[in-house]
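Residue numbers (the working numbering): 58 to 144.
Here the structure is laid out as structure tokens; the discussion comes afterwards.
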């Protein structure tokens, strides 16, 4: 499987989780990602599909379908803005 590396996406994910009030340590423990891996890989842009899938699944499991849908729409809009500013 090809590795997907995108620094803007990693930083964006970290920023959005922080804005959403997601506690990183419990999330990492729940999904088996490891806090060190989260900081070393996700924030630095080494976002593998498996990392992204676990992060997204965790957020989905912690919210109602309506809350998740609203947040997903908000994140898409923010990501578009982020990419336009940061490339």
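C-beta: ideal position from N, C-alpha, C; glycine also.
Only a predicted model underlies this, so the values are computations on that prediction, with no experimental measurement involved.
Classify residue 99 as buried or exposed, calling it buried when 16 or more other Cβ atoms lie within 10 Å of its own Cβ.
Here residue 99 refers to the residue found at position 42 of the chain shown. Classification of residue 99: buried, given that the 10 Å Cβ count is 16 or more.
Which runs of the alpha helix (DSSP H) fall wholly inside the stretch 102 to 136 and span at least 4 residues, in chain order?
With a minimum length of 4 residues, the continuous alpha helix (DSSP H) runs that stay inside the stretch 102 to 136 are 106 to 118.
Using C-beta distances below 6 Å, list every residue in its chain close to residue 93, excluding the 5 sequence neighbours before and after it, in chain order.
Taking the first residue of the chain shown as position 1, residue 93 is located at position 36. Closer than 6 Å at the Cβ level, and outside the excluded window around residue 93, lies no residue.
Mind checking whether residue 106 and residue 70 have CB atoms under 8 Å apart?
Numbered from its first residue, the chain shown carries residue 106 at position 49. Numbered from its first residue, the chain shown carries residue 70 at position 13. Going by C-beta atoms, residue 106 is not nearer than 8 Å to residue 70.
What's the gap between the Cα of residue 142 and the Cα of residue 135?
Reading the chain shown from its first residue, position 85 is the one you call residue 142. Reading the chain shown from its first residue, position 78 is the one you call residue 135. Approximately 11 Å, taken between the alpha carbons.
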